[in-house]
Structures are given as structure tokens and as C-alpha cells.
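Protein chains: 2
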Amino acid sequence: MNLADVARRAGVSPATASRALSGHPHVAEVTRARVWEAARALEYVASPEATGLARGTTGRVAVVVPHLARWWFGAALEGLGTVLREGGRDLLLYRLGDAGSRQAFFDELPTRRRADAVVLLGFGVDERERERLDRIGVGIVAAGTRVGSHPSVSIDDHAAGRQAMDHLLHLGHRRIGTIVAADPELDLAQPAGRSSAYRAALADAGITPDPALSVTVTWSPESGARAMGELLGLADPPTAVYAHSDEIALGAVRTLRRAGLRVPEDVSVVGIDDHPLAAMTDLSTVAQPAAEQGELAGRMALAGLAGEPVDPVVTVPTRLVIRGSSGPPQAAGRRWRRS
Amino acid sequence: MNLADVARRAGVSPATASRALSGHPHVAEVTRARVWEAARALEYVASPEATGLARGTTGRVAVVVPHLARWWFGAALEGLGTVLREGGRDLLLYRLGDAGSRQAFFDELPTRRRADAVVLLGFGVDERERERLDRIGVGIVAAGTRVGSHPSVSIDDHAAGRQAMDHLLHLGHRRIGTIVAADPELDLAQPAGRSSAYRAALADAGITPDPALSVTVTWSPESGARAMGELLGLADPPTAVYAHSDEIALGAVRTLRRAGLRVPEDVSVVGIDDHPLAAMTDLSTVAQPAAEQGELAGRMALAGLAGEPVDPVVTVPTRLVIRGSSGPPQAAGRRWRRS
DNA sequence: TTGAAAGCGCTAACAT
DNA sequence: ATGTTAGCGCTTTCAA
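Below is the structure:
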């Protein structure tokens, strides 16, 4: 059941069968119909290997992610997958977990021969990696990060951070803590904008940042919980906390509850993402469209492959979602109850 | 920069270069070294298309999922990806969202030519689909579902359900509701065991099930919230609820809180999964190892490809995790507070 | 509009 | 231990 069989059954040469099947012009309508008919009868499926060898392309796009169990990645991948499938490309998934697999990947750059384009999903790269990437000759697009001057989709991290911080400031908070997400091993380009927003918002409000109020942890809920513990241990704990993600924020809320503190009466909490469970847990947050970022990245990759022009930088909007975890600071006495 | 170049630079024939590079026996050590040296110098990467064409294999395994944004899938995919990568196989991801893409997929069964094996992740198939799958000639393994007589890994859904139900019954609950998860469009083989456990546990406790206490919805948190609303609307609402997943359970908790009811004093809730956020929200649940199921499925697929024998059915254990969302039913008066 | 023939980059007998 | 020779299944000039 290969092209030759189809050709024979249709009474034409393999060359004509090939042209008919891949929609080339200059094929008589009757011929084309006969070939398709034969293909259908034989349940013919072209061998991508052979097609690829002959054409010099693979029909695949590689997607690189640092993580899969976190909400943003699943959602973005879902959007990306849908678009690629519509575009007729297969999706090759590379999850580069630890520094080791990461090294190996960039050293041998398997992508070079296995895919026509690569999409980096929330995957920050360092200088050396970017250089290697630049030289592999296939199109590159990023989502959720910026990678050199390659096309990318993402939110404006700084703006998102400002939405969260300004909300807290408007409520009247002056002593605001922040839980910074970073994962030096996995995500070399952490969302610096989310941190700069913290400082800028405080500055605009005339508040001098207290370094003790800023604690850096990984992206997991558990580490969010730990970070909140640190913040609570301070002599003068914050009345509000701005976390870099909802997962971290929910960890923080858990620690607060365990400590017998009320949210938002004693401490307000706001995150970023609008994770599906944020609505369930009544968490105030800054919503970002994850699936949409994946879709856009997919479209950009497809456009690049088609030789069409591609927007170099697209930014998707975020939106403050006020729910029950944020409120005005308590007038007084709050710190006493803690004892 | 292809094999021929490497061979030339090493001063050997392409055949020898091929043997040296792919670790065949009967190659002189010096020759092997020279070839590797040449390959390194040229930054040679073999063309998978050519290798595949010549060898008749692809080096890829296809993974089919109905969903990506739900916790179980991300975690399972992560485990699976790790194992496949260690086994040197690439992972081709197919997310079959709606009935349409599903149809298309099984009709043309692209897998047939694109991968050496397929792993179905939490993907139940119907009769017709199973038949087609049986005929594609590549190895098939399932995780989280059973697919005909193909090898599979999963939890014992019935046992898991019993752990949840027995916990509730031990606490003294007699009027227990259940939120059944199903998605007829995506997941044709819903976890029937989780439902049968509900009935069996009640039967063992001498309780006649009340059909009104069982509501079926999709897997999303939002629908869990809606289902709980229905249950609360009953003339005689349950004192405890067993949900098919944590995501659903968390939706239920949200509805209870909004209704001014306390968890677990007024209503107990238990889920299944041990989602990372379950710990953060103090949800009692039955833990299942998602990443491990992915890993095992990967190993089974790899073993199958290597021609090794594969366990037909492996079951991974679940574990009851009692947290703060479940407790004894309130002695009396509960229903009054509701008004 | 169609066919013949060369070749994409690699592997695997079969020789040597 | 290594080289020669045929393909693997498709696309694509180049001719007709």
C-alpha cells in the first residue's frame, strides 16, 4: 500500500499519482479523481519519512517546555496543539526538565533534523542556548518569554504586575509583601516584569521597598506556602501579598488560614493567571489568556513556515479580576490577634 | 553535513561510518573512534527521515490525550515524556479534543506511518475505534483506561471509590451524595468503577441509594460547583459528597461556602486524585500517582518495541488522604441553619 | 497533461 | 573488519 500501488490501480505513473494527491496544478480532473479513488480504496497513507526525505521537510514542529503539570503550560499547549493540527503539522513535544536534559538537547539540537520549526513555550533560554538556536536554521517562535529577536507572544508582565499592585495600593495597603517566582534551573528568563512592577508601584505610591518583604521561591504551591510562612515570621508582617502566580498565591492562603488569619480581613492576597481553581477558591488575580497565547504562537509558526510575514512581538492583554481574597487593610489591632 | 561527509572525513565508506555511529559490533575500535571524531567535528546529526525510511521505523511514539489542562494529564504526560526521552524516542502529541478531530484521527489513523507505538493517556475508545486501532499493526498501551486487551496501567477505580466512600461511612454519614464525572464526547470509557464503588459501599452499609443524590457532570470545577447546587436544592440534601475528582470536589466546596455552609461541619467533601492544590485547600481525597502511571506506560511501550514481554495489566495503588474537608455528620439541626 | 529517471540520506545484505 | 550495491517511498526536473 504505497504510492506505486495507488498509481498502478489508477493506471497512471507514480509521478502523476504524487501530483494528483498533493494537489498540484496541471493534472486532469478525471485523472485526479481516479487517483484519489484508488487511494481511498487502498486506505493509502503517505509515508512521512519518504515525503520528508524527498522534500527536505518534516511536517513537524517541535515544542519545548520546562514543565507540564503547571496550569499555564497545559492550557498553552492545548491551544498550540489545536492550531498545529489544523495546519496539518505534527507536534513533537520536548520537555526539558533538569539541567542535564537541557544541556543534552541544546548540544545536539535534535530539532535541527526533526522539525521545521520550534516553539518555545514559557521556556527562557540563556545566551549560549540562544546562540545555538539561532544557528539551526529553522524558524523559532516563543510564547510566554522573549527569545532574542525571534517572534513572540506574551503578556506584558510589568503591566500585569501593576494591575495587581495598584489594586492593593488602591485598597489602602502600604505594607505589601511579594512572592517572587523563579526557577534558575528551568526557566532562565524569569518574568522580571512582575518584579519590576512591584518596585515601580511602590515608588509611585511613595513607599520605600523593604527587602525583607520580598521572598523568592519556585513556582509550586508548596513553596508559596513556605514563602508566606517567612513573611509571617517578620516582626512587621505585610497586610497584603502579591504573588507571581495563582498556584503560589493559593499556597500563601493556606499558610494564612493555618495561622488562624483571615483572608482578606487580616491579609489580602492577589495572584496572576486566573487559574481555573482561582475562581473556585475566590482568589483575586490578574487573568491572562494561556490557550490564546499557545494559539497565537502556533499561527506565527505556521505563518513563518508558509513564508508569510510574522509580527515580531505580540502582546495579549491581562485583566484584573477582583474576588474575595483582597480587601482594605484592617484599621488596627490586626497584629495583636496573631499572638 | 551528512553521513557521506563524515565517512569521507574519516576515510571510510558510508557503510562503515553508519555501523560505527550506530554502535554495531564488528567495527575496529580505532575506526569507530575516527568516525565519531569526524562526526563531532562536523556537528553531524543523522536525518531521522532517512534512517526511518531505510530501517522501516520512525523512532517516535504517538501519545493520544483527550485533554491537557487537567492535572492528571499534565502529570502523566510528564512521566511518560521522561521515560521516552531516556529510551531515545521522540514523543508525538495528539490531542483529540472534539468528536470531529477524533473521527478524523481514527479514520486516517496517521499513527500508522508516523510512530512505532501509541500510548493512549486517559483516552477511552469505543468499539469501532478499538477495532481500527487493533489493525494498525503498531504496539498500543493505555494508561488510565483499559483498551481491549492491550497492556495498560491504571488505578483500581472501584477500590479508590471504596476508599472514599468507606471513609465517609465510617465517619457516620448515611445520606451521601455523589458527583459523577463523564464526558461522553471525549472520554467514552468513563471510570465506571468510581460509580460502582458508590453503590457497593452503600449496599454494604445497608443503605438504599437515592437516585436524586447522584448527579453527573463533566470534569471541570465549574460543573462540580453546579452539581453541588443541584444537590443543595434537594428537599433532603446530603451530609457528605463523594466526587470523582478533586477538581470537581473543589467546585462543590465553593458552592457550599457560597451557600453559607461549613465544610466539614455541615457537609463533608472528598475527591479523588490528590491534586497539588488539594493539599492547599485542605481537601480530603484518594491519592493516585499520575506521573508514575505515565512512566509505567512509557516503559511498557518501550519494552514492547524491544520485543520484550509486557505485563498486560498493571494496577498502581491509591491511598486515602484525610484532610480537613471531611468529618462526622452534625448530630442535628443542620438542616435548619440552611434557611 | 503525463511519464522516465534521478536522488533525498541512510541501512543492510552480500561480498571481500 | 570494511567496502559495494541495492533499495526504503516519495518528489521533481526534464522530456515527450
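Quick mapping for you: the protein sequence lines, in order, are chains A and B.
At the far end of the first sequence sits residue 346, using my numbering, and the numbering has no gaps.
At the far end of the second sequence sits residue 346, using my numbering, and the numbering has no gaps.
The beta-carbon is built from N, C-alpha and C at its ideal position, and this holds for glycine as well.
{"Item": "On the premise that Ser-227 of chain A lies in contact with Val-368 of chain A, defined as a C-beta separation below 8 Å, what is that separation, rounded to the nearest angstrom?", "Value": "Outside the shown range of chain A, which is 8 to 346, sits residue 368 of chain A, and nothing can be said about it."}
{"Item": "Answer yes or no: do Thr-322 of chain A and Asp-163 of chain A have a C-beta to C-beta separation smaller than 8 Å?", "Value": "yes"}
{"Item": "What are the boundary residues of the alpha helix (DSSP H) that includes Asp-114 of chain A?", "Value": "106-115"}
{"Item": "Any beta carbon from chain B within less than 8 Å of Ser-291 of chain A's own beta carbon?", "Value": "no"}
{"Item": "Using a beta-carbon distance below 8 Å, is Asp-217 of chain A in contact with chain B?", "Value": "no"}
{"Item": "For chain B, find out if any of its Cβ atoms is closer than 8 Å to the Cβ of Glu-115 of chain A; answer yes or no.", "Value": "yes"}
{"Item": "If you reduce the DSSP assignment to three classes, tell me which class Ala-308 of chain B lands in.", "Value": "helix"}
{"Item": "Using the rule of at least 16 other Cβ atoms within 10 Å of the residue's Cβ for burial, across every protein chain shown, is Pro-319 of chain B buried or exposed?", "Value": "exposed"}
{"Item": "In the DSSP assignment, find the unbroken alpha helix (DSSP H) run with Ile-143 of chain A in it and report its ends.", "Value": "Looking at the DSSP string, Ile-143 of chain A is not in any alpha helix (DSSP H), and its letter there is neither H nor E."}
{"Item": "Does the stretch 257-271 of chain A come close enough to the stretch 138-149 of chain A to have 3 or more Cβ pairs within less than 8 Å?", "Value": "no"}
{"Item": "Does DSSP put Gly-184 of chain A in a helix, in a strand, or in coil?", "Value": "strand"}
{"Item": "For the ligand ZN, is there any heavy atom lying closer than 7 Å to the beta carbon of Val-321 of chain B?", "Value": "In the structure shown, the ligand ZN is absent, as is every other ligand, since no ligand is present at all."}
{"Item": "As a quick exercise: from B:Thr-89, B:Ser-156, B:Gly-179, pick the residue whose alpha carbon is nearest that of Val-274 of chain B.", "Value": "B:Gly-179"}
{"Item": "Skipping 5 residues on each side, what residues in its chain have a beta carbon closer than 7 Å to that of Leu-100 of chain B?", "Value": "Val-70"}
{"Item": "From the beta carbon of Ser-108 of chain B, is the nearest beta carbon of chain A less than 8 Å away?", "Value": "yes"}
{"Item": "Quick check on the burial criterion: 16 or more other C-beta atoms within 10 angstroms. Buried or exposed for Gly-18 of chain A?", "Value": "exposed"}
{"Item": "Helix or strand or just coil, what does DSSP make of Leu-268 of chain A?", "Value": "coil"}
{"Item": "Under 8 Å, Cβ to Cβ, is there at least one residue of chain B near Pro-271 of chain A?", "Value": "no"}
{"Item": "If you drop the 5 nearest sequence neighbours on each side, which residues of the same chain put their C-beta closer than 6 Å to that of Pro-335 of chain A?", "Value": "Leu-178, Gly-179"}
{"Item": "Might you give, ordered along the chain, the residues of its own chain that have their beta carbon closer than 7 Å to the beta carbon of Thr-65 of chain A, omitting 5 neighbours on each side?", "Value": "Gly-59, Arg-121, Ala-122, Asp-123"}
{"Item": "Using the rule of at least 16 other Cβ atoms within 10 Å of the residue's Cβ for burial, across every protein chain shown, is His-282 of chain B buried or exposed?", "Value": "buried"}
{"Item": "So with Cβ pairs under 8 Å, would you call Pro-296 of chain B a contact of chain A?", "Value": "no"}
{"Item": "With respect to the beta strand (DSSP E) encompassing Ala-294 of chain A, which residues constitute its N-terminal and C-terminal limits?", "Value": "291-294"}
{"Item": "Listed in chain order, which residues of the stretch 36-53 of chain A have Cβ atoms closer than 9 Å to some Cβ of chain B?", "Value": "Glu-50, Val-52, Ala-53"}
{"Item": "So what does DSSP say about Ser-72 of chain A, is it helix, strand or coil?", "Value": "The amino acid at residue 72 of chain A is misidentified as Ser; the sequence shows Val. Of the three classes helix, strand and coil, the one that applies to Val-72 of chain A here is strand, per DSSP."}
{"Item": "Consult DSSP for Ala-189 of chain B and reduce its assignment to one of helix, strand or coil.", "Value": "coil"}
{"Item": "Could you tell me the boundaries of the beta strand (DSSP E) in which Tyr-205 of chain A lies?", "Value": "Premise fails: Tyr-205 of chain A lies in the alpha helix (DSSP H), 199-211, not in any beta strand (DSSP E)."}
{"Item": "Does any C-beta atom of chain A lie closer than 8 Å to the C-beta of Asp-281 of chain B?", "Value": "no"}
{"Item": "Is Arg-261 of chain A buried or exposed, if buried means 16 or more other CB atoms sit within 10 Å of its CB?", "Value": "buried"}
{"Item": "Measuring only between beta-carbons, confirm whether Met-287 of chain A sits less than 8 Å from chain B.", "Value": "yes"}
{"Item": "Beta carbon of Ala-256 of chain B, beta carbon of Gly-236 of chain B: below 8 Å?", "Value": "no"}
{"Item": "Comparing the C-beta of Arg-344 of chain B with each C-beta of chain A, is any distance below 8 Å?", "Value": "At Arg-344 of chain B the pLDDT is 47, less than 50, meaning the model places this residue with poor confidence; the figure from the coordinates comes in the next sentence. Closer than 8 Å: no."}
{"Item": "Would you say Glu-254 of chain B and Arg-77 of chain B are within 8 Å of each other, going by their C-beta atoms?", "Value": "yes"}
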